[in-house]
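Counting from 1, one number per residue, gives the positions in the sequence shown under full-length UniProt numbering.
Note that CB positions come from ideal geometry on N, CA and C, so glycine has one too.
See structure below.
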Amino acid sequence: MGKCKILVVGGTGYMGKRIVKASLAQGHPTYVLQRAEIGLDIDKLQMLLSFKDQGAHLVEGSFSDHQSLVDAVKLVDVVICTMSGVHFRSHNILLQLKLVQAIKEAGNVKRFIPSEFGMDPARMGNAIEPGRVTFDEKMVVRKAIEEAKIPYTYVCGCCFAGYFVGNLCQLSTLVPPKENVIVYGNGHKKVVFMDEDDIATYTVKTADDPRALNKTVYIRPPENILTQKELIEKWEKLNGRKLTKITLSKEDFLAPLKELDYAQQVGVGHFYHVFYEGCLTNFEIREGEEEASELYPEVEYNRMDSYLKRFL
Ligand code: NDP
Ligand code: GFR
């Protein structure tokens, strides 16, 4: 009995392409949805062709063609969806309801891993507007999965290093500040920062792991549980220069919310929960929930000291 067959939906995306890579690297027969709508998006097409060169199977389909989704899903054992969820890119979390319907009708899927990969939406019931939309929509998808009795694994619990580490947690930039760094409150809330490649590695490992069946798997490896202050210190040590810290109270952080555009308001809300409430680490992982680095101690996850080196 070979490795389970995996279909990646959203495979040319920021997380999706890493899931495809991890699925191939872990020896799974890997299928990637090739959406009719990509049209003249030459980067997507060429990425799909490169996946094929690496041994993946491209499966033509479209979210506007239900049967094509059913046919795609029937080819595999596991479906991993990395549907977009960052507002200034595109945001289509609810589109997954079409995929859930297709999986329900096909009836063969042994595990569905929906697009999560962030704060646990089940713990974000009190999230502020408008950023709460991300969590409300992810909960709508979870409800549909569970009502359809589709076996699932929810992978969540950390910040993508690409959006939170290179910039030392600053908004609206992806690179480190040169002089001043804004510190959220006292900068002491514990956060979990992960290299996206490691998130993909862990996610694929859960795909055929019975211990992850119908479970939430948090990604919270001990050495990547850091405060913003600790992250800034790591950068200062690497870069050999101190930054001027500017402390921002939660009131001052939230004050400009109304003047921002919608996508930025969403982001500010997400940052607020992560850095002022410590929402990624302000709860114990309890019975019936799993933690990825405990399930898979063999994974040598990337520490943030080495992640930061690329920005020197
Ligand atoms: P992307 O913005 O890269 O989009 C992923 C894929 O979504 C696209 O490649 C595309 O698939 C698909 N998609 C987008 N629009 C449509 C559409 N209209 N119809 C069909 N498919 C569509 O997603 P990310 O990788 O940024 O986000 C993935 C998940 O990760 C989300 O749940 C997000 O909330 C979460 N996230 C978490 C972060 C964290 O710090 N914890 C940071 C960023 C995201 P295709 O490849 O077929 O074109
Ligand atoms: C940490 O958990 C999440 C993070 C999550 O559950 C869902 C989405 C995210 C997004 C954030 C908000 O959309 O990851 C990155 C961040 C996107 C973002 C970054 C938004 C506004 C910004 O100014 C920004 O600057 C780096």
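task = Please go through the same chain and pick out, in chain order, the residues whose beta-carbon is closer than 6 Å to the beta-carbon of Val-204, but skip the five residues on each side of it.
result = Ala-22, Ser-23, Gln-26
query = Looking only at DSSP bridge pairs, what is Cys-169 linked to?
reply = Cys-169 is not bridged to any residue.
query = Which of helix, strand or coil does DSSP assign to Glu-60?
reply = Strand at Glu-60.
inquiry  = So within the region 214-257, which uninterrupted alpha helix (DSSP H) runs reach at least 4 residues, ignoring any that extend past its ends?
reply    = 228-239, 250-254
query = Is DSSP giving Ile-103 helix, strand or coil here?
reply = The answer is helix: DSSP assigns Ile-103 an H, G or I state.
key: Delimiting residues of the beta strand (DSSP E) encompassing Met-194   = Per DSSP, Met-194 belongs to the beta strand (DSSP E) from 190-194.
task = Check whether the region 153-167 touches the region 110-120, taking contact to mean three or more Cβ pairs, one atom from each stretch, closer than 8 Å.
result = yes
ask   = Within the present structure, is the beta-carbon of Thr-172 separated from the nearest heavy atom of the ligand NDP by less than 7 Å?
value = As written in the sequence, residue 172 is Ser, which differs from the Thr given in the question. No, the Cβ of Ser-172 stays beyond 7 Å of every heavy atom of the ligand NDP.
ask   = According to DSSP, is Asp-197 helix, strand or coil?
value = helix
query = Where does the unbroken alpha helix (DSSP H) through Thr-12 begin, and where does it stop?
reply = In this chain, Thr-12 is not harboured by any alpha helix (DSSP H), its DSSP state being neither H nor E.
ask   = Asp-195: buried (16+ other C-beta within 10 angstroms of its C-beta) or exposed?
value = Buried: at least 16 other Cβ atoms inside 10 Å.
key: Endpoints, beta strand (DSSP E) assigned at Arg-35   = 30-35
query = What's the gap between the Cα of Gln-34 and the Cα of Cys-279?
reply = 36 Å
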